[in-house]
Each structure stands twice: as C-alpha cells, then as structure tokens.
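Chemist:
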Amino acid sequence: MIYQGVIHRYGHLLDLPTHSKTISLLEGNTPLIPMPRLGRELACELCVKFEGLNPTGSFKDRGMTAAISEAVGRGAETVICASTGNTAASAAAYAARAGLRAIVLIPEGKVAIGKLAGAVAYGAEVIQVQGSFDDALSLVVEITQKTPIALVNSINPFRIEGQKTAAFEICDDLSGAPDLLCLPVGNAGNITSYWTGFKQYQKGLPQVLGVQAAGAAPLVLGHAVEKPETIATAIRIGRPARGEQALEAAQESNGKIIAVSDEEILSAQKVLAGEGIWVEPASAAGLAGLIAETGKGRRPERVEGSLDAKGKRVVLVCTGHGLKDPAIVTESFESPKVIPATYDALVSVIS
Ligand code: F0G
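Okay, so the sequence shown: first residue is 115 according to my numbering, each after it adds one.
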C-alpha cells in the first residue's frame with residue numbers, strides 16, 4: 115500500500131478527536147540507519163533514527179500533522195506557536211497545506227537560517243521576540259487563552275499523540291524496543307512522546323538518555339535557567355513545558371538526563387557527518403551524551419552510575435537535518451580553493 119503519513123498508518127493508536135480532518139505531508143516513515151563502524155567503537159549495536167528526513171526537515175512534522183488536523187477539523191482559522199525554529203517551519207508548512215493562517219514567534223536573532231527561511235517560504239507571519247523561547251511561549255499561551263487562535267506548541271496534547279509514532283516505527287523496524295534510546299531534550303515534548311509511545315505499544319521499554327546542552331540544562335540543574343545559551347539553538351530553552359514528564363521518563367526507564375558541552379555537541383556532529391549523516395547541532399546531542407556516558411573519553415565523574423551500552427541495541431534520535439543550520443559549518447571552514455578551468459591546475463591542486 116502507498117504510504118500516506120503517520121495518522122493514516124497509526125491513527126488507531128492515537129487519541130485524536132473525531133472532528134480531526136487529516137492534513138498530511140506524508141511525514142514519518144523515516145529510516146533507522148545502522149551505524150556499524152561507530153557502533154563498534156562504542157561497543158554497541160547502534161542505529162540512527164534520522165528524523166531530519168521528514169518533509170520540513172525535523173521530527174516536528176509528526177506532531178504537527180496531528181495538531182493541525184485537529185485544529186482545522188474544529189474550524190480554527192489561525193494557528194500560533196513559539197519556536198526555536200523547527201516547530202515554526204513545520205507549523206507554517208502544515209498550516210499552508212490546510213489553508214490556515216500561521217503566526218510564529220521566535221527569539222530574536224537566535225534561530226538558524228534554514229528554519230527561518232522555511233517558515234517564511236511556507237508563508238507564515240514570523241515575529242521576532244526580544245527575549246528567549248520561554249518568553250515567546252508565555253506570550254502564545256496568553257494569546258490562545260484570550261482569543262480563538264489555536265496553539266500548536268507541544269503543550270497541545272495532539273502534538274504528543276503524533277510524535278508517539280516515532281516510537282512505534284522503531285519498534286516495528288527492530289521487532290521490539292531498543293535497549294537504550296538517546297535523544298536531545300529542549301522543551302521536553304519529544305522525550306515525553308517517545309516514552310508514552312513505548313509504554314503504549316508494549317513491545318518492550320528502552321532506557322532513555324535525555325541530553326541537554328550545558329548552557330540550557332534546567333532538568334539537570336533542577337531549576338529554570340533564565341538566560342539559556344548554547345550553539346544548539348533548537349534546544350536553547352530554560353523552562354521546559356514538559357520538564358516533569360521528561361524527568362519521569364528518565365526515572366521510570368532507569369535512564370537519566372545529562373548535560374553536554376557545546377564542544378561535545380559539535381564534535382558529535384562531526385562524528386555523525388563522518389558517517390554520512392549530517393544533522394543540526396541539537397540533533398547531535400544524543401550521540402554526545404552516549405559518548406560522554408559510555409565512550410573511551412568519558413568523564414571520570416560519569417563512570418559511577420553511568421549507563422552501560424555494551425553489546426546493547428542503541429537508537430540515536432537525530433531530530434533535525436544539517437541543512438537547517440548551514441552557518442554553523444560554513445562559518446568555521448575555509449572557503450574552497452579556486453582554480454583556473456584547466457586540467458593542469460586541477461592536478462596540481464589535488465596532488
Ligand atoms: N531537536 C531539534 C532539532 C529541535 O528542534 C528540538 C526542539 C529538540 C530537539 C528538542 O525537542 O523540545 O521536544 O524536547 N525544538 C522546538 C522548536 C523547541 O521550537 O522547534 P523537545
């Protein structure tokens with residue numbers, strides 16, 4: 115049968131109201147890519163769930179198909195979200211598909227260019243807020259309480275319903291849950307969705323390793339971070355809306371939530387690219403966390419109580435495509451060499 119998106123495939127397992135009218139861009143069905151070489155180095159059986167291959171380049175499309183389907187089915191005309199970028203692009207695309215107006219609030223100057231361009235290209239009204247993602251989220255919560263505008267952040271329960279489908283796909287592909295699931299944590303909707311999905315699907319439960327950036331690690335510190343900072347702008351969040359649920363997922367799964375530095379994130383991004391998988395910085399946090407916990411270079415303080423991945427089936431969730439944030443790469447490399455259009459010049463430059 116031709117693939118028709120996550121609601122078509124898993125709708126019977128999603129708690130969506132009957133008024134929902136499916137709006138899909140055939141999101142989901144992303145590959146689980148084996149990583150044999152890196153797996154050998156880390157002594158585990160490693161795969162990447164490459165969510166950057168969704169229609170707008172991130173996992174957000176799984177939840178957005180559900181949220182927009184519900185909103186359009188109940189007659190909403192305008193949707194709004196706060197975003198570090200990916201939710202904005204996804205909301206914009208699905209709203210365009212549904213013929214809705216989309217308004218997206220982003221933290222001024224802190225959104226990667228591929229995401230901002232996406233939101234603009236899909237026709238959203240983009241508003242920059244002089245503040246953080248958390249400030250923007252407070253504003254959209256307030257306006258959706260006072261007006262009929264529909265909120266499509268992951269506070270919206272239908273976003274979580276849609277995002278559960280990634281856990282279902284992993285279980286279907288592996289014929290059961292992996293032993294360990296590593297993923298970045300920002301506003302904590304995705305870790306909540308995975309854990310809810312695994313519990314519901316009853317094909318086994320992974321330990322969950324949630325990874326925050328050190329400069330934006332409220333769940334590790336145990337308190338809100340007023341001025342979050344990290345090069346992984348997707349997870350530059352100081353007051354995660356679903357923080358409690360993220361901590362529950364870590365605890366119930368016998369996993370944990372840890373923080374990694376920006377250097378560790380960038381180094382993990384390079385490692386993945388060296389395997390042919392280019393992801394945005396936030397999406398490399400899962401691998402950075404796995405390396406910090408189990409790799410040769412793991413930090414001494416992590417040895418005690420660290421997760422053991424040896425010989426286990428490990429899935430890294432790579433949430434967004436590298437094309438979302440090209441600047442992080444181009445800013446640090448030298449411009450490619452320029453040669454005259456002659457054979458001799460080519461030979462001399464490559465030898
Ligand atoms: N990875 C990427 C690429 C993201 O864009 C996000 C969140 C996360 C991980 C973290 O997921 O928030 O569910 O814990 N991006 C949101 C946005 C906040 O606005 O696009 P989370």
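Idealized CB from N, CA, C, for every residue including glycine.
Keep in mind that this is a model prediction, so the values were computed, not measured.
Which runs of the beta strand (DSSP E) spanning at least 3 residues fall entirely within the segment 204-256, listed in chain order?
Modeler: 215-221, 239-243
Chemist: Can residue 193 be considered in contact with the ligand F0G, in the sense that its beta carbon sits closer than 7 Å to one or more heavy atoms?
Modeler: no
Chemist: According to DSSP, which residues form a beta bridge with residue 148?
Modeler: DSSP, once it has assigned bridges, lists 161 as partnering residue 148.
Chemist: Assuming residue 164 contacts residue 304 (C-beta within less than 8 Å), just tell me the rounded distance between them.
Modeler: 14 Å between Cβ atoms; not a contact.
Chemist: Taking 7 Å as the cut-off, does the CB of residue 141 come closer than this to any heavy atom belonging to the ligand F0G?
Modeler: Result no, Cβ not under 7 Å from the ligand F0G.
Chemist: Run the proximity test for residue 172: is its beta-carbon closer than 7 Å to any non-hydrogen atom belonging to the ligand F0G?
Modeler: yes
Chemist: Here's the rule: buried if 16 or more other CB atoms are within 10 angstroms of the residue's CB, otherwise exposed. What is residue 178?
Modeler: buried
Chemist: If you measure from the CB of residue 168, is any heavy atom of the ligand F0G nearer than 7 Å?
Modeler: no
Chemist: List the whole-angstrom C-beta distance separating residue 321 from residue 421, where the pair is believed to meet the contact cut-off of C-beta under 8 Å.
Modeler: 6 Å
Chemist: Check each candidate in 329, 439, 273 and name the one with the smallest Cα separation from residue 208.
Modeler: 273
Chemist: Please determine, among 219, 277, 336, 231, the residue with the shortest C-alpha to C-alpha distance to residue 440.
Modeler: 231
Chemist: Using the beta-carbon count (16 or more within 10 Å), is residue 116 buried or exposed?
Modeler: By the neighbour-count rule (16 or more Cβ atoms within 10 Å), residue 116 is not buried but exposed.
Chemist: Which whole runs of the beta strand (DSSP E) in the segment 376-434 are 3 residues long or more, in chain order?
Modeler: The beta strand (DSSP E) runs of length 3 or more contained entirely in the segment 376-434 are, from start to end of the chain, 427-432.
Chemist: In chain order, which alpha helix (DSSP H) runs of at least 4 residues are fully inside the segment 154-198?
Modeler: 174-187
Chemist: Can you tell me whether residue 466 is buried or exposed, with buried defined as 16 or more other CB within 10 angstroms of its CB?
Modeler: Because the chain is modelled from 115 through 465, residue 466 falls outside the range shown and cannot be assessed.
Chemist: Taking its Cβ as the centre, do 16 or more other Cβ atoms sit within 10 Å of residue 476, making it buried, or is it exposed?
Modeler: Residue 476 lies beyond the range of the chain shown here (115 to 465); nothing can be said about it.
Chemist: So, residue 354 versus residue 281, is the Cβ gap smaller than 8 Å?
Modeler: no
Chemist: Would you be able to state if there are at least three C-beta pairs under 8 Å between the segment 198-215 and the segment 304-315?
Modeler: The count of Cβ pairs closer than 8 Å, one atom from the segment 304-315 and one from the segment 198-215, stays below three, leaving the stretches out of contact.
Chemist: What's the C-alpha gap between residue 181 and residue 119?
Modeler: 14 Å
Chemist: Could you tell me the alpha carbon to alpha carbon distance between residue 295 and residue 226, rounded to whole angstroms?
Modeler: 26 Å
Chemist: Relative to the ligand F0G, is the shortest distance from any of its heavy atoms to the C-beta of residue 387 smaller than 7 Å?
Modeler: no
Chemist: Less than 8 Å between C-beta atoms, sequence neighbours within five positions excluded: which residues of the same chain meet that for residue 361?
Modeler: So the qualifying residues of the chain are 333, 371.
Chemist: Report yes if the C-beta distance between residue 130 and residue 184 is below 8 Å; otherwise report no.
Modeler: yes
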